[in-house]
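Positions in the sequence shown are counted from 1; adding 3 to them yields this note's numbering. The beta-carbon is built from N, C-alpha and C at its ideal position, and this holds for glycine as well.
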Amino acid sequence: MKRHTVFFLFICALSAVAFSQAVVPASTPVSAHLPSLHTAEVYGGFQWESFDFSNFLGLPGTVAPRQSFFGFHTSSNFTFYRWLGAEGDFSRDSKSYKNFAVAGDKLGLSSLTIMGGPRISYNIGHLSQYAHVLLGLYRLNTTYTDPTAGTGSSAANAFGFAIGGGTTFRLSRRFGVATAADFIRPSKSGVPLNNIRVSFGPVFYFGGSKPEVARYTPAPAPVRPAPVRVKAPPAERRCIQILIDSKGNETCMRYADQK
Numbered sequence: 004m005k006r007h008t009v010f011f012l013f014i015c016a017l018s019a020v021a022f023s024q025a026v027v028p029a030s031t032p033v034s035a036h037l038p039s040l041h042t043a044e045v046y047g048g049f050q051w052e053s054f055d056f057s058n059f060l061g062l063p064g065t066v067a068p069r070q071s072f073f074g075f076h077t078s079s080n081f082t083f084y085r086w087l088g089a090e091g092d093f094s095r096d097s098k099s100y101k102n103f104a105v106a107g108d109k110l111g112l113s114s115l116t117i118m119g120g121p122r123i124s125y126n127i128g129h130l131s132q133y134a135h136v137l138l139g140l141y142r143l144n145t146t147y148t149d150p151t152a153g154t155g156s157s158a159a160n161a162f163g164f165a166i167g168g169g170t171t172f173r174l175s176r177r178f179g180v181a182t183a184a185d186f187i188r189p190s191k192s193g194v195p196l197n198n199i200r201v202s203f204g205p206v207f208y209f210g211g212s213k214p215e216v217a218r219y220t221p222a223p224a225p226v227r228p229a230p231v232r233v234k235a236p237p238a239e240r241r242c243i244q245i246l247i248d249s250k251g252n253e254t255c256m257r258y259a260d261q262k
């Protein structure tokens, strides 16, 4: 249990580190971190689940250690208001055992989840970090084949919830890659199962505007008007030699600035 829990926490920490590496200046507007409105995305990928075999069989963990199931995981999300979206989730995985109880027998287990709930997203450029809480159906199918008695099967439906999140990286306008990790807790006959799942795969985007990487744009410098130069009026010239004619008219014959 400890090993799988540490692995789950490692995946979450890895997503947080990837999220923190995409740093933009603090002056970037908050709207740059929000997904485009009315954007739908569809995700599908390979899934690994750590199944709580101990509680399933009602045996100590030393006798019935956790088992690894493998399958697929798909989900769709529709962002209808800034950071808030509605998510639908579907996954299925399985594992089979030979010679489980007696020689020649076969045990097959498969789990199926159909859940839905809110998703909160936060974007920095092409990187998106999200968290969700999902509620819905957890179905466990059991098939046992006995070499003498034949094959029998049963199915148990239980209410379950999943808490987790993931990271998506948008490679183009319509395509990206994503990883997700969840803690799933269904109840089998009143006994809770503590399962962990991790998945990785491609994600496809529909609708919305073309994403843009948030860039720092400095505030424009204030515009200062160009200085206006006023031409000074010419200095008044001083006359040092005046000629007066017979009618009394004065004419300057020489100015002080003349050589």
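message: I need the DSSP call for residue 249, collapsed to helix, strand or coil.
response: DSSP places residue 249 in coil when its eight states are reduced to three.
query: Buried or exposed: where does residue 141 fall if 16 or more other Cβ atoms within 10 Å of its Cβ makes it buried?
result: Label assigned to residue 141: buried.
query: Where residue 55 and residue 69 are concerned, what is the direct C-alpha to C-alpha distance, given to the nearest angstrom?
result: One C-alpha to the other measures close to 5 Å.
message: Judging by CA-CA distance, which residue of 73, 101, 91 is the nearest neighbour of residue 164?
response: It is 91.
- request: With distances taken Cα to Cα, identify the nearest neighbour of residue 98 among 135, 161, 112.
  value: Taking each of 135, 161, 112 in turn and checking the Cα distance to residue 98, the smallest one comes out for 112.
field: Buried or exposed (CB count within 10 angstroms, at least 16 for buried), residue 200
entry: Residue environment for residue 200: buried (at least 16 other C-beta atoms within 10 angstroms of its C-beta).
- prompt: Which ranges does the beta strand (DSSP E) cover as unbroken runs of at least 3 residues, wholly within the region 106 to 150, from first to last along the chain?
  reply: With a minimum length of 3 residues, the continuous beta strand (DSSP E) runs that stay inside the region 106 to 150 are 109 to 127, 130 to 149.
query: Excluding five sequence neighbours on each side, which residues of the same chain lie with their C-beta closer than 6 Å to the C-beta of residue 154?
result: Residues of the same chain with a CB within less than 6 Å of the CB of residue 154, apart from the 5 flanking positions on each side, are 148 in chain order.
- request: With DSSP as the reference, label residue 80 as helix, strand or coil.
  value: Three-state DSSP puts residue 80 in a strand.
task: Pick out whichever of 167, 124, 128 has its Cα sitting closest to the Cα of residue 138.
output: For the residues 167, 124, 128, the minimum Cα distance to residue 138 belongs to 167.
task: Please list, in chain order, all residues of the same chain as residue 109 whose beta carbon is under 6 Å from its beta carbon, the five residues on each side excluded.
output: Within the same chain, residue 109 has close Cβ partners 101, 148.
query: Would you report the Cα separation of residue 253 and residue 242, rounded to the nearest angstrom?
result: Cα-Cα distance, rounded: 11 Å.
query: From 204, 183, 159, 232, pick the residue whose C-alpha is nearest to that of residue 59; which is it?
result: Selected option, being the one with the closest Cα: 159.
Residue 2 - DSSP class collapsed to helix/strand/coil: With the chain covering 4 to 262 only, the question about residue 2 has no answer from this structure.
Proximity of residue 53 and residue 64 at Cβ, strictly below 8 Å: Result no, Cβ atoms of residue 53 and residue 64 do not sit closer than 8 Å.
- prompt: According to DSSP, is residue 207 helix, strand or coil?
  reply: Strand, per DSSP.
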